[in-house]
Every structure is written in structure tokens, then in C-alpha cells.
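Take 25 as the starting number for the sequence shown in my numbering and just add one per residue.
Beta carbons are placed, not taken as given, at the ideal position from N, Cα and C, and that holds for glycine.
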Amino acid sequence: MSELPSELRVAYDSLSRCYGVEVAVIAHEGLLYEYRGDASRAEGLAAIAPSLAEGDGVAYRGGEKAVAVAKRGEFSIGLEGDPRALSSYLPQLARIVRGEEIRCAWCSAELDREVISCPSCGAPIPLTVGRCPKCGAHIEEVECPRCRKPITHLGTRARRSHGSLASLVIGIVLSGACTTIAAWLSAPLPLLAASAISPFIAGLVGYLR
Ligand SMILES: [Zn+2]
Ligand SMILES: [Zn+2]
């Protein structure tokens, strides 16, 4: 028997514990290799999983109990459960099995495999999902699990950098104002220079942080 592809292992380990997934299986040529949830549903899922996906791809079958499948050679993984949840996890599933995960813009950590608690309802959901399939909350900003810096669900740098950019702009404006006021007051040159430069430096430091 060939070895289980690591991408399938990663996808199974992370997505099988997300909200709405009732049964999860790893199947080897239609037979149960590993599963979570009800055993008889898992056997049924393992039997149909390989035939749902064409080639080494990802497939989805809707319905009251939806099924998402990813296949690699002799192995496939199947997830069964809430259609709203499973349909929203398809991009993560596809990117993980292709090895094309969204990465953190700060530290390059692979993010599609990361599971977070919805900040609004606490449901376990993929970090990159954007909108909680349980409560509908939009995920504006999260912490990268590796570098702890603020990111959006697409891995881009979040709010703090915007805030710092604003403080840089304010710093520049203030330094201009200080220069003008200092000039009015005919303050001594060193004081003028210090008052002009410090807000700018503060803004710059904030921006680069
Ligand atoms: Zn990071
Ligand atoms: Zn939620």
C-alpha cells in the first residue's frame, strides 16, 4: 500500500474538526482507513468518496447532508455534514491538497490548515474562511498562530499597520504644524528642530513596527 499523501493528512486533521463536519474519513480505495464520527456513516462515505472526485481533485455534492471530497492517487478524504459549512470549506480543502495555501504576509506560515474559534460564536472554523458558516460573522482580523501579528483572513497585514500608517501621516502633518508655530514664536533653532522631528519619528516608528 502506498503512503498517505501528507497534504491529505493535513486537510483531514484540520477540516475534520471544524464546525458542521459530522463525519470525516480517510479512504484507501474505497475502504475505511481512518475516520471521525459515526462508524456506519463513515463506511458509506469511504465507499462513495473516490468516485465523487475526478482524477486528483476536489469535489462537492450538495444536499441536506453535503459531501466534500479530495483525492490523491489511491487515497481520498471525505467530509460529510452541514452544506453551508462544507461549501465554505472547499477553498481551504482545494488549496491544502494542491500545496497552495494562503500564507501569513508577516512570517509565511501556512494558514488554510489553521483552525480558530469564531470570535462571535466560538465555533471552530478555518482561519481563512472569512465568514463564520454558523453565525455569519465576518472575520475582520485574527492573530497569526505563528508570529502573533494581526492578519486578515487572506493572510494580509491587518489593522495595526493601517493605524500606524495613519500615525505616520499625522506625524508628518504635526511636524509641519510644529515647524510653523516654532517659526512664529521664533524659538531657538534646536527646539524648533526637535519639535518638528519628534512626531515624524513617532509616526515612522509606529509604521515600521
Ligand atoms: Zn505570521
Ligand atoms: Zn460564528
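Setting aside the 5 residues that flank it on each side, residue 60 is surrounded in the same chain by 40 and 48, each with a C-beta closer than 6 Å to its C-beta; the list follows chain order. For residue 171, the Cβ falls inside the 7 Å cut-off from some heavy atom of ligand 1.
By a beta-carbon distance limit of 8 Å, residue 128 contacts residue 179. Their separation comes to about 5 Å. In the structure shown, residue 84 falls within a strand segment according to DSSP collapsed to helix, strand and coil.
Take the alpha-carbon of residue 165 and the one of residue 154: they are about 9 Å apart. Of the candidates 160, 91, 130 and 168, 91 places its Cα closest to the Cα of residue 101. Note: residue 55 is bridge-paired with 52 in the DSSP secondary-structure output. Setting aside the 5 residues that flank it on each side, residue 34 is surrounded in the same chain by 120 and 137, each with a C-beta closer than 7 Å to its C-beta; the list follows chain order.
Taking residue 56 as the centre and dropping the five residues before and after it, the same chain places the C-beta of 49, 66, 67 and 70 closer than 7 Å to its C-beta, in chain order. Contact annotation: residue 126 and residue 139 have beta-carbon atoms that are not nearer than 8 Å. Burial is judged here by how many other beta carbons sit within 10 angstroms of a residue's own beta carbon; residue 199 has at least 16 and is buried. Relative to ligand 1, the beta carbon of residue 133 is positioned inside 7 Å of a heavy atom. For residue 94, the uninterrupted beta strand (DSSP E) run begins and ends at 90–96, by DSSP.
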